[in-house]
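Quick note: the sequence shown, position 236, residue 237 per this note's numbering, numbers continuous.
By construction, the Cβ of each residue, glycine as well, lies at the ideal position given by its N, Cα and C atoms.
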Amino acid sequence: MRPEVLNPLFAEVETLDGVGPKLKKPLDKLGLERVRDLLFHLPERFVARRSVADLDAAEVGENIVVPLTVTEHRAAPTRRAPMRVLAQDAKGNVCALTYFGKAGYGAKKDLPLGEKRWVAGRLDQYGQMLQIVHPDHVVEDSAALSDRLCEPVYRLSEGLTQPRVASLVQQALGRRPNLAEWIDPALLAREVWPGWFDALERVHAGEDAKARERLAYDELFANALALMLVRASNRRRKGQSLQGDGVLTGKLVLPFPLTGAQKRSVEEIRGDMAQEMPMLRLLQGDVGAGKTVVALMAMLAAVESGAQAALLAPTEILARQHFENLRAMVRPTGVEIALLTGRDKGKARESILMGLLDGSIDMVVGTHAIFQETVQYRNLGLVVIDEQHRFGVNQRLLLTQKGRRTPHTLAMTATPIPRTLVLAEYGEMDVSRLDEMPPGRQPIDTRVVSIERMEDVAAAVGRHIEGGQQAYWVCPMVRDSEVTDLAAAEARHAVLKERFGAAVALVHGQLAPEVKDAEMARFVSGEARLLVATTVIEVGVDVPTATLMVIEQAERFGLAQLHQLRGRVGRGADKSTCILLRGEELSEVGKKRLTLMRETQDGFRLAEEDLDMRGGGELLGTRQSGDSVFNVATFEDVARWQEVANDDARLLVEHSGGDGTSLTGARGEAARTLLYLLERDWGVALLRGG
Ligand code: ADP
Ligand code: MG
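And the structure:
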């Protein structure tokens, strides 16, 4: 049960003054549903303003507060044009206060003719005229702005304004209780971190590295602790020893010998599965390293021991592809394998559910649908989670622990994430690494080409597909704006289709699953030669005959993502090419990314570089997918603090008896509150008495 002291923070935002149905929607959009969400909605930056007596004392581009007297209201001449209020400073300098669209409605009222007002905003120049576009504040009394010389800037959604969000945050701050300290006092003292109560106030008031770092540490610590409790609970559970007698694996006819790394991983996994304690292992291997066959060997071991195995894929496309692949491979063994996705309905679904319940189906491949309540297994012995490089794996691992006997779990990731990130994401998990690629892979010829040469690139794509080969064309995903992304992908598709005709297919996240699958199928079968796509093709898609990839605005992608995307080509025997189309204006980081991509194909190296370059406060997890686990912690925080947080969490568990069923003492109690506060309830759920 959530400690009562947190109740005010878990109240809905509607309980705050001024929040009605109209504000609810834009707040929801930002994920601000409860009071606590506002507390952790940290400013993206701060504006610092200078108070000046007149405009002569200010620089163009500067944020200022200045007293002005209103001289003229100039209505917008056309609907598109802005409305302007002209005003003079004490020396007679004229400045236009410019309002576009609806923003102009209130301006006349706020700025009556002949009156003096204090105006806060960024001073710009428009032609010969000084102007302030959409002033941040217009007030009658200078005192109202004197404490606003440093102001937070929050992420907004349509229908919200900075002052509105700021005032809601202040209300939320007013409701926060003073909580007992959960950080080790020695650490707190050494780092000179403020307590939680003060830290929150400070991060909303101005740049404050210590306060921010403390809150970031809270997140890392809470996550580490929750994962540790999962881990401990796992250790307490009874699984089943699945030895495997080799009968089925013996019948397997693989077209290639396993690599050394594959053999080693299979041994590690089967060694774990032979134990009664449920396995919790991560298989890390670059794209194309051959994780599927390793998973298959593990799944066969389960079936050989009379248990069932399930493979969870993140998308329908991948589930289908795995199913086809595995079905072909297990054919000589006589193993029964089924595909189950959210789209299976009626009789077909019923018969699969029956088969899983009575045990006539040995293996199932599917999306999360395979873990719905209605799906019951006779004896689920192994769960494989594919392409699980996204945050949120923790909950999934838990999901798999529902059964009577806990199944063994193998998580697979194609992102060769560095150790500190493994720690942050999975906690202290056993790791097997496929650090050796199957033989015969050709390096991918990677080139960086300016967008100005689009025509040449399109022509090259044309020659490629007319020569009978296949290609990908990847359109960028812009953060926070799925709509424009889609428009871009659709527009590009239209252009290419006009040029190349029916040979062009299109997939993106918003397509109906049937349409998406049909388009994918057209590409896989070779009927379509060019696949235009957003990053939905990032994970796992395997079409070995595709040997050319164009990535538009490649500088917008992270290194890890580019690496994943590029991994879609170079899978067959033929030489592959990857063209990174870059925009005209390239940041330093963008430039470095593209250079690295050209230089190396080593996933582990790219991952390390990625981590280094992500400085600059980039959050973990992607906003895109909306499942970022941390609100405050950045990659830098993880690199700096994750190991400390893990040690701290471990000590706390050990001092509480060590078996992970309780958190005792004042700090233990405080940490328990923290888990609720930061929504690591799934960790607390494992404690005795919740
Ligand atoms: P990933 O690790 O990206 O999931 P896959 O399991 O899809 O990689 O394997 C990529 C390709 O490599 C597949 O076509 C697979 O058949 C092939 N492959 C896997 N292991 C070997 C091996 N030991 N030797 C040669 N080819 C292999
Ligand atoms: Mg794979």
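(1) Where does Ile-452 land, buried or exposed, given buried means 16+ other C-beta within 10 angstroms?
(2) What residue does the beta strand (DSSP E) around Asp-431 start on, and which one ends it?
(3) So what does DSSP say about Arg-35, is it helix, strand or coil?
(4) Buried or exposed for Gly-286, going by 16 or more other Cβ atoms inside 10 Å?
(5) Any heavy atom of the ligand MG closer than 7 angstroms to the CB of Asp-387?
(6) Quick check on Leu-381: does DSSP put it in helix, strand or coil?
(7) For Glu-556, does the three-state DSSP call read helix, strand or coil?
(8) Answer with buried or exposed for Phe-101, where buried requires no fewer than 16 other C-beta atoms within 10 angstroms of its C-beta.
(9) What residues in its chain sit with their C-beta under 8 angstroms from that of Arg-583, if we drop five residues either side in the sequence?
(10) On the three-state DSSP scale, how would you describe Gly-617?
(11) Select from Pro-333, Lys-239, Ser-242, Glu-202 the residue whose C-alpha is nearest the C-alpha of Val-254.
(12) Output the distance between the C-alpha atoms of Ile-270 and Val-423, rounded to the nearest integer angstrom.
(13) Sorted by chain position, which residues of the same chain lie with C-beta nearer than 7 angstroms to Ala-290's C-beta, five sequence neighbours on each side aside?
(14) Which stretch, first to last residue, makes up the alpha helix (DSSP H) that contains Leu-652?
(15) Please report the distance separating the alpha-carbon of Val-304 from that of Gly-468.
(16) In the DSSP assignment, find the alpha helix (DSSP H) that holds Thr-596 and state where it starts and stops.
(17) Hey, could you find the ends of the beta strand (DSSP E) Gln-89 is sitting in?
(18) Quick check on the burial criterion: 16 or more other C-beta atoms within 10 angstroms. Buried or exposed for Tyr-127?
(19) Given that a residue counts as buried once 16 or more other Cβ atoms are within 10 Å of its Cβ, and exposed if not, what is Asp-363?
(20) Would you list the residues sitting across from Met-364 in a DSSP beta bridge?
(21) Can you tell me whether Leu-114 is buried or exposed, with buried defined as 16 or more other CB within 10 angstroms of its CB?
(22) For Phe-636, count neighbouring Cβ atoms within 10 angstroms of its own Cβ and tell me buried if that reaches 16, exposed if not.
(23) Pick helix, strand or coil for Ala-121, following the three-state DSSP scheme.
(24) Can you tell me which residues form a DSSP beta bridge with Tyr-127?
(25) Out of Val-53, Arg-50, Phe-222, Leu-597, which one is the CA nearest neighbour of Gln-643?
(26) By DSSP, does Tyr-106 sit in helix, in strand, or in coil?
(27) Given a threshold of 16 other Cβ atoms within 10 Å of its Cβ, counted over all protein chains shown, does Met-130 qualify as buried or as exposed?
(28) Between Gly-367 and Leu-17, what straight-line distance do the alpha-carbon atoms span, to the nearest angstrom?
(29) Hey, out of Trp-183, Val-295, Arg-237, Glu-45, whose CA is closest to Gly-261's CA?
(30) Measure the CB-CB distance between Arg-530 and Ala-489 and report whether it falls below 8 angstroms.
(31) Between the beta-carbon of Glu-45 and the beta-carbon of Arg-215, is there less than 8 angstroms?
(32) Which term fits Cys-476, buried or exposed, when burial requires 16 or more other beta carbons within 10 angstroms of its beta carbon?
(33) With a threshold of 7 angstroms on Cβ separation, who are the neighbours of Gln-602 within its own chain once the five nearest residues in sequence on each side are excluded?
(34) Thinking C-beta only, is Leu-358 closer than 8 angstroms to Gln-373?
(35) For a quick check, are the C-beta atoms of Leu-226 and Ala-495 less than 8 angstroms apart?
(36) Would you say the beta carbon of Ala-290 is closer than 7 angstroms to some non-hydrogen atom of the ligand ADP?
Reading off the structure:
(1) exposed
(2) 431-435
(3) strand
(4) buried
(5) yes
(6) strand
(7) helix
(8) exposed
(9) Val-449, Val-450, Ser-451, Ile-452, Gln-554, Ala-555, Glu-556, Gly-591, Leu-595
(10) Here Gly-617 scores only 45 on pLDDT, less than 50, and its place in the model should not be relied on; the value that follows carries that caveat. The answer is coil: DSSP assigns Gly-617 none of H, G, I, E or B.
(11) Pro-333
(12) 18 angstroms
(13) Leu-435, Met-438
(14) 636-656
(15) 45 angstroms
(16) 589-600
(17) 84-89
(18) exposed
(19) buried
(20) Ala-310, Ile-338
(21) exposed
(22) buried
(23) strand
(24) Met-130
(25) Phe-222
(26) coil
(27) exposed
(28) 43 angstroms
(29) Val-295
(30) no
(31) no
(32) buried
(33) Pro-444, Ile-445
(34) no
(35) no
(36) yes
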